[in-house]
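Colleague: Each residue of the sequence shown is one higher than the one before, starting from 111 at the first, in my numbering. Think of the CB as a built atom: it goes at the ideal place given N, C-alpha and C, for glycine as much as any other residue. Keep in mind that this is a model prediction, so the values were computed, not measured. Dropping a structure here in structure tokens format, bear with me for questions.
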Amino acid sequence: MSSITEPIATPVATETAKTGLHKLSMAAIMLGHTAVDIQTSALAVLLPPLLAAFSLNYAGAAAIISANNLVIAVAQPLFGVLGDYRRARWLVPLGCVLCGVAMASVMFMPSYWLVVVAVILSGLGSAAFHPEALSSTRAISGEQKATGSSLFFFAGNVGFALGPLVAAWLIEIYNPQAAVWLIVPTVLGVTALMTQYRRFQQGAPVTRPAGSTRALLRDKKTLTIVGFILFFITVRLTITAGLTTFIPLYFSEFSTLTKSEIAQLLTVLSIAGTVGTLFSGPAAERIGRRMVIVGAMAISLVGLYIFLHNEGWVRLAALAVAGAALSAPWTLSVIIMQDALPHHVGLASGLSLGTAYGAMGLGVALLGNLADVAGLQTTMQAIIYLPIVVLVMGFFIPERSSQGTWNVKHET
111 MSSITEPIAT PVATETAKTG LHKLSMAAIM LGHTAVDIQT SALAVLLPPL LAAFSLNYAG
171 AAAIISANNL VIAVAQPLFG VLGDYRRARW LVPLGCVLCG VAMASVMFMP SYWLVVVAVI
231 LSGLGSAAFH PEALSSTRAI SGEQKATGSS LFFFAGNVGF ALGPLVAAWL IEIYNPQAAV
291 WLIVPTVLGV TALMTQYRRF QQGAPVTRPA GSTRALLRDK KTLTIVGFIL FFITVRLTIT
351 AGLTTFIPLY FSEFSTLTKS EIAQLLTVLS IAGTVGTLFS GPAAERIGRR MVIVGAMAIS
411 LVGLYIFLHN EGWVRLAALA VAGAALSAPW TLSVIIMQDA LPHHVGLASG LSLGTAYGAM
471 GLGVALLGNL ADVAGLQTTM QAIIYLPIVV LVMGFFIPER SSQGTWNVKH ET
């Protein structure tokens with residue numbers, strides 16, 4: 111019976127470990143993370159002008175989002191493995207540059223396939239940035255690792271909220287090509303990152319995990335649990351990705367809303383999601399994971415129905431409530447996956463994050479095909495009723511055991 115040990119991250123420097131988080135380095139990473147996620151979230155707002163410019167059908171437009179998300183889904187775990195076994199801090203500024211430059215070029219591409227290439231390169235930049243930036247965050251946080259991680263994800267949420275708003279404002283005030291000015295946050299982020307690059311480079315070598323995963327692959331109970339949670343994550347994120355992608359398309363065709371007003375809907379959805387993620391953990395500790403998941407999905411179902419069938423402040427308020435409820439299971443899903451694989455926490459995290467991007471890519475592609483066959487109105491109806499599936503699955507989510515994990519045996 112062999113034991114499995116997890117890699118132990120050693121603080122970057124003794125001073126950082128003793129004094130806590132290095133504020134300047136953290137600020138640089140936050141600015142870089144915000145810049146990267148501005149690019150990714152702005153892509154949805156670029157779809158309507160791209161659809162018109164290349165006479166795309168809905169499946170073709172959705173495929174642009176899918177290409178970006180699928181590349182991130184596949185490449186991010188690979189870059190993460192690279193960072194686990196060989197420090198690659200240079201990926202942080204390089205990923206930020208690639209993500210920003212590639213996305214800034216999208217509206218200047220002369221053909222649809224070059225647009226796809228540009229969003230793929232942008233996705234590679236995002237995938238390269240995130241694992242090493244998160245590793246750097248842990249290294250510079252000293253004894254304040256939870257605070258550092260919170261700031262890191264907060265910066266990403268800010269980027270996702272700002273991206274659609276800024277992109278829509280540039281397109282509406284000027285023209286679609288004005289979206290090139292989204293490169294400004296990238297320039298600021300990379301500049302900040304390079305001022306702290308030497309500190310990111312410091313640190314101890316990463317320890318290679320020992321042991322074999324063959325026993326895990328033979329454990330049918332664990333694999334069933336993992337498969338269930340991955341499907342759970344896939345369905346839930348298909349709802350969020352579907353809303354992010356099809357809200358601009360739907361309201362551009364079936365409402366009198368301006369581009370800025372449509373972008374405000376995406377911003378509300380993003381900000382509400384940040385709030386939901388923030389409070390889901392404490393709520394689960396008080397009333398249980400299953401109750402949070404089932405309750406959140408019930409709330410999101412009602413909120414999305416009201417959102418789609420009302421106008422004005424009622425529509426905005428309903429979307430905010432639904433967005434917060436939809437995001438609540440995300441953190442819990444990752445924790446549940448880690449509980450199911452207590453000796454493979456890195457694998458659990460990688461599977462969760464990889465599935466997240468893959469789900470967004472595949473889910474949006476399927477919804478795009480549905481829109482071509484049945485129309486946008488039917489597609490939006492399908493999206494707002496998808497929480498029923500997650501709600502039903504929520505009843506089968508086990509609560510945390512007395513040992514802190516599920517009672518799953520690992521012959522390792």
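Answer yes if the region 494–508 comes into contact with the region 384–402, meaning at least three C-beta pairs across the two stretches below 8 Å, and no otherwise.
Modeller: The answer is yes - the region 494–508 touches the region 384–402, with three or more Cβ pairs under 8 Å.
Colleague: Hey, out of I494, G478 and A394, whose CA is closest to A428's CA?
Modeller: Cα-wise, what sits closest to A428 is I494.
Colleague: Out of I139, F356 and Q186, which has the shortest C-alpha to C-alpha gap to A172?
Modeller: If we check each option's Cα against that of A172, F356 comes out closest.
Colleague: Considering only residues of the region 391–451, which uninterrupted alpha helix (DSSP H) runs meet the minimum length of 4 residues and lie entirely inside it, listed in chain order?
Modeller: Counting only runs of 4 or more, we get 399–418 and 422–450.
Colleague: What are the start and end residues of each continuous beta strand (DSSP E) run of 3 or more residues lying completely inside the region 338–367, in chain order?
Modeller: Those beta strand (DSSP E) runs which fall completely within the region 338–367 and span 3+ residues do not exist here.
Colleague: Measuring CB to CB, does A373 end up less than 7 Å from P274?
Modeller: Taking 7 Å as the Cβ cut-off, A373 and P274 qualify as a contacting pair.
Colleague: Any idea if P439 is buried or exposed, counting beta-carbon neighbours within 10 angstroms, 16 or more meaning buried?
Modeller: So P439 counts as buried.
Colleague: Just tell me which of Q149, V207, G468 and L131 has its CA closest to the CA of L272.
Modeller: For L272, the nearest C-alpha among the options comes from Q149.
Colleague: Which residues bound the alpha helix (DSSP H) around I493?
Modeller: That run of the alpha helix (DSSP H) goes L486 to Y495.
Colleague: Measure the C-alpha to C-alpha separation of I283 and L472 and round it to an integer number of angstroms.
Modeller: Taking the straight line from one Cα to the other gives about 33 Å.
Colleague: Hey, G478 and Y168: beta-carbon distance below 7 Å or not?
Modeller: Yes. Within cutoff.
Colleague: State yes or no: is the C-beta of V181 within less than 7 Å of the C-beta of I230?
Modeller: Going by C-beta atoms, V181 is nearer than 7 Å to I230.
Colleague: Can you name, in chain order, every residue of its own chain whose Cβ lies under 6 Å from the Cβ of S437, other than the five neighbours on each side?
Modeller: Around S437: G383, G386 and T387.
Colleague: Please state whether the Cβ-Cβ distance between A393 and I409 is less than 7 Å.
Modeller: Cβ atoms of A393 and I409: not closer than 7 Å.
Colleague: I need the straight-line Cα distance from T301 to Q311, nearest angstrom please.
Modeller: Whole-angstrom Cα-Cα distance: 16 Å.
Colleague: Tell me whether A277 sits in a helix, a strand or coil according to DSSP, three-state version.
Modeller: DSSP places A277 in helix when its eight states are reduced to three.
Colleague: What distance in whole Å lies between the Cβ atoms of F270 and S380, which are believed to be in contact at a cut-off of 8 Å?
Modeller: Contact flag correct, Cβ pair sits at about 5 Å.
Colleague: Nearest-angstrom Cα distance between L496 and N285?
Modeller: Going from the Cα of L496 to the Cα of N285 covers about 36 Å.
Colleague: Could you tell me the alpha carbon to alpha carbon distance between V474 and P158, rounded to whole angstroms?
Modeller: When rounded, the distance between both Cα atoms is 15 Å.
Colleague: Check the C-beta distance from G142 over to V202 and give it rounded, since I have them as a contact under 8 Å.
Modeller: The pair is a contact, with the Cβ atoms about 7 Å apart (cut-off 8 Å).
Colleague: Rounded to the nearest angstrom, how far is the Cβ of L426 from that of V500, given a contact under 8 Å?
Modeller: That pair is no contact at about 23 Å.
Colleague: Using the C-alpha atoms, what's the distance from V155 back to A214?
Modeller: Each residue's Cα considered, the two are about 13 Å apart.
Colleague: If we count the other Cβ atoms within 10 Å of its Cβ and call it buried at 16 or more, is F417 buried or exposed?
Modeller: Buried, since its Cβ has 16 or more Cβ neighbours within 10 Å.
Colleague: Are A469 and T344 close, meaning C-beta to C-beta below 7 Å?
Modeller: A contact, by the Cβ cut-off of 7 Å.
Colleague: Find out if the Cβ-Cβ distance for the pair A278, S151 is shorter than 7 Å.
Modeller: No. Outside cutoff.
Colleague: Does the beta-carbon distance from L486 to Y307 come in below 7 Å?
Modeller: In this structure, Y307 does not lie closer than 7 Å to L486 by Cβ.
Colleague: Do T305 and I139 have their CB atoms nearer than 7 Å?
Modeller: It is not a contact, given that the beta carbons lie outside the stated cut-off.
Colleague: Let me know if Q186 comes out buried or exposed under the rule of 16 or more other beta-carbons within 10 Å of its beta-carbon.
Modeller: Label assigned to Q186: buried.
Colleague: For G464, collect the residues of the same chain with a Cβ closer than 8 Å to its Cβ; drop the 5 residues on either side in sequence, then sort them by chain order.
Modeller: Hits under 8 Å: A183, V184, Q186 and P187.
Colleague: So what does DSSP say about Y284, is it helix, strand or coil?
Modeller: Coil at Y284, not helix or strand.
Colleague: Leaving out five residues before and five after A228 in sequence, what residues of the same chain have Cβ atoms less than 8 Å from its Cβ?
Modeller: For A228, where only same-chain residues beyond five positions count, the Cβ hits under 8 Å are A212, M213, S215, V216 and M219.
Colleague: With burial defined as no fewer than 16 other Cβ atoms inside 10 Å of the residue's Cβ, what is the status of L292: buried or exposed?
Modeller: Per the 10 Å Cβ criterion, buried.
Colleague: Using the Cβ count rule (16 or more neighbours within 10 Å means buried), how would you classify T421?
Modeller: One point to set straight first is that residue 421 is Glu, not Thr, in the sequence displayed. Exposed: under 16 other Cβ atoms inside 10 Å.
Colleague: Given that a residue counts as buried once 16 or more other Cβ atoms are within 10 Å of its Cβ, and exposed if not, what is G352?
Modeller: Counting Cβ neighbours within 10 Å, G352 comes out buried, since at least 16 surround it.
Colleague: Would you kindly work out how many angstroms separate the C-alpha atoms of A450 and F262, rounded to a whole number?
Modeller: Near 26 Å, if we compare the C-alpha coordinates of F262 and A450.
Colleague: Helix, strand or coil, according to DSSP, for M503 in the structure here?
Modeller: Of the three classes helix, strand and coil, the one that applies to M503 here is helix, per DSSP.
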